[in-house]
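See structure below.
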Amino acid sequence: MKSINVVQIGLGPLGIKIANYIAERNNITTVAAVDKNPELIGQDLGSLSGNSESGVIIHGNFAEALEGQKVDLAVLTTVSDMVRITPQIEEILEHGIPVVSTCEELAFPWDTAPELAEQIDKKAKEKNVAVVGTGVNPGFLMDALPTFLTAPCQHVDSIEINRFQNAQYRRIPFQRKIGAGLSLQEFEERKKAGTLRHVGLTESMQMIANNMGWKLDHTEDIINPVFAEETIETPAMTIPKGQITGVSQIGRAYSEDQLKISLVFQATVGEPESYDEIIIKGTPEIRSKIEGGVNGDVATSAIVINSCSTILRSAPGLRTMVDMPVVSFFS
46 MKSINVVQIG LGPLGIKIAN YIAERNNITT VAAVDKNPEL IGQDLGSLSG NSESGVIIHG
106 NFAEALEGQK VDLAVLTTVS DMVRITPQIE EILEHGIPVV STCEELAFPW DTAPELAEQI
166 DKKAKEKNVA VVGTGVNPGF LMDALPTFLT APCQHVDSIE INRFQNAQYR RIPFQRKIGA
226 GLSLQEFEER KKAGTLRHVG LTESMQMIAN NMGWKLDHTE DIINPVFAEE TIETPAMTIP
286 KGQITGVSQI GRAYSEDQLK ISLVFQATVG EPESYDEIII KGTPEIRSKI EGGVNGDVAT
346 SAIVINSCST ILRSAPGLRT MVDMPVVSFF S
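Spelled out as structure tokens, the structure:
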């Protein structure tokens, strides 16, 4: 396999973890790095990620980072929404470089942001490269994997997916994103502002429905707090009894007034049982449960890297995880 040269854009906790994972792999190398944080600009990526110096200096400007480098694709780990990610992707596409991004809304933007999705798709096809939004969720556990599991079914009536995880073992920004440690008032304020939620539940339902051929009447995305029944202490925080430990988010999708897709995403600090479960009601009925669940930070980093090989073999345009070649581990 030809070695893949990557430019990484966005070096927060997830970007650094991806850099570390790339450094452990054969046949893929980070050759350029970009971040707008002035405290990071000029630093060596290897030193920043806790390894020996790599010779890859972090730039604040994308074009400058590319100078003198042969880059096969870009790994983009910056924001979660289509409005902000679209100009970033278009800048990369101007250089004819494929994109693998962790932007949650990019996983399936055709219903929620159709104009921006079409804009990216058109630009990517003009440059003859592919773009994909991926991660463990959305991108795999609550959309692509359930879709693949329907392959042996003659009929599918409905799909139920449950993802419960102990957020204590996730990165701190994720714990903050789900509201761990907040009071109820703070939780409700952030919920109202739209800054406290798992991004991508709606996109997961739409991805599944699109592949099932179900025309959805409407979807629901319900967000509720989960409270600590006793004080919880972790190395990162202390959550008093009665404070918020995390979020319970329920997605429901209806077609012809029938519930076709039900998603439950619950992430809390101290969640008693972590697991990922898929139940396909149909002929035959299929049940799959991953005991202990899948660590989101580890899995998202790995899926991004594994998608780097696949995106180079994909048809040009804005792709999803179910309409490009199957992603798998490579080394």
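If you read the sequence shown in our numbering, its first letter stands for residue 46, the second for the next number, and so on. Cβ coordinates follow ideal geometry from the N, Cα and C atoms, glycine included.
Inset, instruction - Check whether the Cβ atoms of L111 and A64 sit closer than 8 Å, and answer yes or no. - result: Going by C-beta atoms, L111 is not nearer than 8 Å to A64.
Inset, instruction - Locate the alpha helix (DSSP H) running through V309, then write down its first and last residues. - result: Where V309 is concerned, there is no enclosing alpha helix (DSSP H), although the beta strand (DSSP E) it sits in stretches over Q303 to T313.
Legend entry - DSSP-derived helix/strand/coil call for Q213: Helix.
Legend entry - Of the residues L229, G60 and G95, the one placed nearest V145, counting alpha carbons only: Residue G60 is the option with its Cα nearest to V145.
Legend entry - Best match in P218, Q164 and L246 for proximity to A189 [C-alpha to C-alpha]: Sorting P218, Q164 and L246 by C-alpha distance to the C-alpha of A189 places L246 at the top.
Legend entry - Counted within 10 angstroms of its Cβ, other Cβ atoms place S92 as buried (16 or more) or exposed: Burial call: exposed.
Inset, instruction - Name the residue from T276, T345, H200 and E275 whose alpha carbon lies nearest to the alpha carbon of P329. - result: Cα-wise, what sits closest to P329 is H200.
Legend entry - Reduced DSSP category for V87 - H, G, I as helix; E, B as strand; rest coil: Note that residue 87 corresponds to Gly in the displayed sequence, not to Val. Correct three-state label for G87: coil.
Legend entry - E233 in three-state terms, based on DSSP: Looking at E233 - three-state DSSP - the assignment turns out to be helix.
Legend entry - DSSP three-state assignment for I223, whether helix, strand or coil: The answer is coil: DSSP assigns I223 none of H, G, I, E or B.
Legend entry - Buried/exposed call for L304, threshold 16 Cβ in 10 Å: Counting the other CB atoms within 10 Å of its CB gives L304 a total below 16, which places it among the exposed residues.
Inset, instruction - Using alpha carbons as the reference points, say which of F153, N106, S99 and N351 lies closest to S249. - result: Checking every option, the nearest Cα to that of S249 belongs to F153.
Inset, instruction - Grab the span of the alpha helix (DSSP H) containing F375 for me, first residue to last. - result: No alpha helix (DSSP H) holds F375; DSSP gives it neither H nor E.
Legend entry - Start and end residues, alpha helix (DSSP H) containing N256: N256 -> alpha helix (DSSP H) spans L246 to M257.
Inset, instruction - Can you grab the Cα-Cα spacing for the pair F375 / Q288, in whole Å? - result: Rounded to whole angstroms, F375 and Q288 show a C-alpha spacing of 43 Å.
Inset, instruction - Pull up the DSSP beta-bridge partners for E98, would you. - result: BP columns for E98 are empty, so no partner.
Inset, instruction - Taking all protein chains shown into account, decide if T276 is buried (16 or more other Cβ within 10 angstroms of its Cβ) or exposed. - result: Around the C-beta of T276, fewer than 16 other C-beta atoms lie within 10 Å, and the residue is accordingly described as exposed.
Inset, instruction - Note down the Cα distance separating M46 from D262, rounded to an integer number of angstroms. - result: For M46 and D262, the distance between alpha carbons rounds to 46 Å.
Legend entry - Three-pair Cβ contact test at 8 Å for the region 133–152 versus the region 168–176: With a cut-off of 8 Å, the region 168–176 and the region 133–152 count as touching, because enough Cβ pairs lie within range.
Inset, instruction - Can you tell me which of the three DSSP states A175 falls into? - result: Correct three-state label for A175: strand.
Legend entry - Closest Cα partner of I165 within the set P361, V372, M366 and S373: Taking only the C-alpha atoms, the option nearest I165 is P361.
Legend entry - Span of the beta strand (DSSP E) around L118: Its beta strand (DSSP E) spans residues L118 to L121.
Inset, instruction - Please report how far the alpha carbon of T179 lies from the alpha carbon of I284, in whole angstroms. - result: Cα-Cα distance, rounded: 32 Å.
Legend entry - Inter-stretch contact at 8 Å, needing at least 3 Cβ pairs: the region 120–128 / the region 91–107: Between the region 120–128 and the region 91–107 there are fewer than three inter-stretch CB-CB distances shorter than 8 Å, so the stretches are not counted as touching.
Legend entry - Which listed residue (V79, G337 and N182) has its alpha carbon closest to that of T365: Proximity to T365 across V79, G337 and N182 peaks at N182, based on C-alpha coordinates.
Legend entry - Continuous alpha helix (DSSP H) stretch holding V349: start and end: In the DSSP annotation of this structure, the continuous segment of the alpha helix (DSSP H) that includes V349 starts and ends at G341 to I356.
Inset, instruction - Examine the Cβ distances between the region 336–349 and the region 231–243 and report whether three or more of them are shorter than 8 Å. - result: Result no; under three Cβ-Cβ pairs closer than 8 Å.
Inset, instruction - Could you pull out every residue in the same chain whose Cβ sits closer than 8 Å to the Cβ of P191, ignoring the five residues on either side in sequence? - result: Around P191, the same chain offers I204, I206, I253, I323 and I325 as residues with beta carbons nearer than 8 Å, after the five sequence neighbours per side are excluded.
Inset, instruction - Note the first and the last residue of the continuous beta strand (DSSP E) segment covering V292. - result: Its beta strand (DSSP E) spans residues I289 to S300.
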